[in-house]
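These notes are about the structure you will find just below.
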Amino acid sequence: MQVRAARTIAPTLGAAVLAVGALTACGAGPAPGGAPPLTWYVNPDDGGQEDIAARCTEAAAGRYTVSTSLLPRESSDQRLELVRRLAADDPSIDIMSLDPPYVPELAEAGFLAPVPSDVAERVSEGVVASALEGSSWGGELVAVPFWANTQLLWYRTSQATAAGLDMSQPVTWRQLIDASAASGTELAVQGARAESLTVWLNALVESAGGQIVTQTSSDAAQPTLGLDSEAGREAAAIMRDVGRSGVGGPSLTTSGEAENAAAFQDGRATFMVNWPFVWPQALAGVQGRTLAASVPQDYGWALYPRVDADRPSAPPYGGINLGVGAFSENVDLAYEAAECITSAQHQTSYFLSDGNPPSRASVYDDPAVTAAFPMAAAIRESLELAAPRPRTAYYSEVSGSIQREYHPPGSVVPGRTGEEATELITDVLAKEALL
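Just so we're aligned: 100 in my numbering is position 97 of the sequence shown, and the numbers increase by one with no gaps anywhere.
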């Protein structure tokens, strides 16, 4: 297993993975006379995962206990820590919260315990399409869908009306660019050189009917790329026009989700593509008396903008899926706990406590959810249309190359940037270039 892991894990880990592979990891092991302890490695949140762990421990009635171990804040750092531990056959990793783009890499390396068929059937029932795709690799479910995120098009209703757009109908990126330019306000997008830039580009390419990775061959290091395509050129033109027209704002090249939310709150941006966190954030501002109640009252939401007027958009998909470590000493119990964690009840409570949307479609009909999130139906519809980021075991190399070639957005050249990014990705995977 160690030889396979060293060969198939993304090359950026390099010698670090090989070195850590020589380490001996120590699992907690069952406490004398007690229930087997399970460790769940979690991404930072507002405490919701720790609360679910306690609830599932109580529900297990002595069959197992679940404790959490906190991963770094950045998803790339989370990946690095997990891969290093898994390369060392670390048995302490029973359950892990995984950013969906890294699921193929861990599955390809043999780091995820196979999902039992009966478990796969139960945890797939009633799950939105994007979350199922994001939890699968090689035609099989390899992780358990937990929560699923997506971006909506947010707009200030008063300003959108003044701009002359009918937001009850699908709108295109071109309409938003023109309306923002005419009104002298911003169209808030994530233009920083970060993962959010890949999210934006992928949604544009998918919405234009293409894919960044069109096929993964039997050799995982040689994906077929679709950046230099008609869909890729349409996506590049939109990024260029947002950058050069000025509607992205003066801070476009450093703007992420938080900066966009601030621009939207203070009225600089009439339109914004962003995750659902912006709604509870605004309500918290009202409660804390740092934001006028009239601001969220002016919020509107719609599906992600279209690239082509006649083609439905493919919004971004994110969230967290649960992987069970291949070297866990309690795989069966870990999957039992994963089913408890991802139950409809716990997905509901997690949405309400931490604002993270569920992967189970039925949760969006819960009265408590629709009261707290009046855009719940739009989130569910968006998740059914959403497209995961490129599905490849070498996602880090693909995303890192995109961030280098497509930044700043205003410098993107349709017909050339796609070629350059394709060449860079190919060279990086062939170990002929470094990021």
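Glycine is no exception: its CB is placed at the ideal position from the N, C-alpha and C atoms.
Model, not experiment: these values are computed from the prediction.
query	result
Reduced DSSP secondary structure (H/G/I, E/B, other) of R309	strand
Straight-line gap, G358 to P283 (C-alpha atoms, nearest Å)	7 Å
Spatial neighbours of G129 in its chain, beta-carbon cut-off 7 Å, leaving aside the 5 residues before and after	R363, A364, S365
Short Cβ contact (8 Å threshold) for G137 with V106	yes
Residue of S210, S352, S183, A375 minimising C-alpha distance to V2	The chain is shown only over 4 to 438; residue 2 falls outside these bounds and no answer can be derived.
For R159, three-class secondary structure by DSSP	strand
Cβ contact (3+ pairs, closer than 8 Å) linking the stretch 159-176 and the stretch 387-394	no
Distance CB(A337)-CB(I98) smaller than 8 Å	yes
Assigned secondary structure, Q300 (DSSP; H/G/I helix, E/B strand, else coil)	helix
Outcome for S297 when other beta-carbon atoms lying within 10 angstroms are tallied against a minimum of 16	exposed
Complete runs of the alpha helix (DSSP H) confined to the stretch 160-206 [at least 4 residues]	160-165, 176-186
For T373, three-class secondary structure by DSSP	helix
Span separating the alpha-carbon of L155 from that of D92	40 Å
Reduced DSSP secondary structure (H/G/I, E/B, other) of T273	strand
Supposed contact pair L325 and F149 - C-beta distance, whole angstroms, cut 8 Å	5 Å
Nearest neighbour of L179, chosen from E332, A305, L438 [CA to CA]	A305
Local conformation of M378 per DSSP, three classes	coil
Per-residue DSSP class, three states only, for P33	At P33, the pLDDT of 49 sits below 50, so the modelled position is not reliable; the number obtained from the coordinates is stated separately. Three-state DSSP puts P33 in coil, outside helix and strand.
Beta-carbon gap between A62 and C343 smaller than 8 Å	yes
Those residues which DSSP pairs with G326 across a bridge	M99
Cβ-Cβ separation, L204 to Q193 (assumed contact under 8 Å), whole Å	In fact, because the Cβ distance is near 10 Å, the residues do not count as touching under 8 Å.
Contact set for A146: own chain, Cβ-Cβ below 7 Å, skip 5 residues either direction	L101, V106, L115, S138, N324, L325, G326
Option nearest R177 by Cα separation, candidates A151, P253, L109, A211	A211
T68, enclosing alpha helix (DSSP H) - first and last residue	Looking at the DSSP string, T68 is not in any alpha helix (DSSP H); the run it does join, the beta strand (DSSP E), is 68-73.
Bounding residues of the beta strand (DSSP E) (the contiguous stretch that carries Y44)	40-45
N- and C-terminal bounds of the beta strand (DSSP E) containing L228	226-228
Spatial distance of E400 from P103 (CA atoms)	15 Å
Three-state secondary structure (DSSP) of L336	helix
For N263, the three-state DSSP class (helix, strand or coil)	helix
T153, DSSP secondary structure in three states	strand
Between the CA atoms of A340 and D121 - distance to the nearest angstrom	14 Å
Own chain residues within Cβ distance below 7 Å of V126, not counting five before or after	V147, P148, E342, T345
Sub-8 Å separation of A329 and G50 beta-carbons	no
Where the alpha helix (DSSP H) through L83 begins and ends	78-90
Exposure of R392, with buried meaning 16 or more beta-carbon neighbours within 10 Å	buried
Where the alpha helix (DSSP H) through S133 begins and ends	132-137
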